[in-house]
Amino acid sequence: GESVGLHLPTLSVQEGDNSIINCAYSNSASDYFIWYKQESGKGPQFIIDIRSNMDKRQGQRVTVLLNKTVKHLSLQIAATQPGDSAVYFCAENSGGSNYKLTFGKGTLLTVNP
Amino acid sequence: NAGVTQTPKFQVLKTGQSMTLQCAQDMNHEYMSWYRQDPGMGLRLIHYSVGAGITDQGEVPNGYNVSRSTTEDFPLRLLSAAPSQTSVYFCASRGGLAGPRRELFFGEGSRLTVL
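Protein chains in written order, with our numbering: chain U, 1 to 113; chain Z, 1001 to 1115.
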């Protein structure tokens, strides 16, 4: 979920387990959401996106769930691998002439072999 | 395909010095932006541009200037560096402003330390 202060939320899982990373977004007008993965020393990389007219979207080993009622987004990673270790960010956009992405504070996922 | 290229990757400055972080993209993207990333703070938007000659402020613009003279380039200038500007800076771009996809493509980052 979102962090408070300087400490990043962390999730530690065993290799092969499923991971669930949560995000609470702030703007009820947001209609587009993205999950990014950031490995140490690198820039964020796009994982998956979802529009507000959907509740669920699946990619390769990843699923994003959107609950607009409580403004909550989650990323599920199936059969987590050591290469999935990274910081994961959710981002939101409200569309129209607003092109800005607003990012959550991130969650650190650590996969133990 | 180079994508978004940032230079330099690392820089150390003294308080009061000025410098420019360079950003170039080769994807003909209309939208370009600069974020800073600090521990526990996520990515915060500094400035952005929706096309050549058009720039606007983001969430944390103070102490930074930008310009957009070409579609490809979007430099970020620090006018008088302060220790509070020690951070990792990311440039990001996006194309197809009228299209359905809205993801940003990020550079690899520029790590700045101000002493």
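Glycine is no exception: its CB is placed at the ideal position from the N, C-alpha and C atoms.
This structure is a prediction, so every number in the text was calculated from the model and none was measured.
Query: So residue 93/U contacts chain Z; which residues on that side make the cut at Cβ distance below 8 angstroms?; Result: 1102
Query: Exposed or buried, which one is residue 54/U when buried takes at least 16 other CB atoms within 10 Å?; Result: exposed
Query: Using a cut-off of 9 angstroms between C-beta atoms, extract the partners of residue 1094/Z located in chain U.; Result: 99 and 101
Query: Chain B beta carbons: is any one of them nearer than 8 angstroms to that of residue 1076/Z?; Result: Considering every chain present, this structure includes no chain B. Its protein chains are U and Z.
Query: Would you mind reading off the limits of the beta strand (DSSP E) that contains residue 1074/Z?; Result: No beta strand (DSSP E) holds residue 1074/Z; DSSP gives it neither H nor E.
Query: Could you tell me whether the Cβ of residue 1041/Z comes closer than 8 angstroms to any Cβ of chain U?; Result: yes
Query: Cα separation between residue 102/U and residue 1038/Z?; Result: 15 angstroms
Query: Below 8 angstroms CB to CB, which residues in the same chain sit around residue 1086/Z once its five sequence neighbours on both sides are set aside?; Result: 1112, 1113 and 1114
Query: Would you call the region 1003 to 1014 of chain Z and the region 51 to 68 of chain U touching, i.e. three or more CB-CB distances under 8 angstroms?; Result: no
Query: By the three-class DSSP mapping on this structure, what secondary structure does residue 83/U have?; Result: helix
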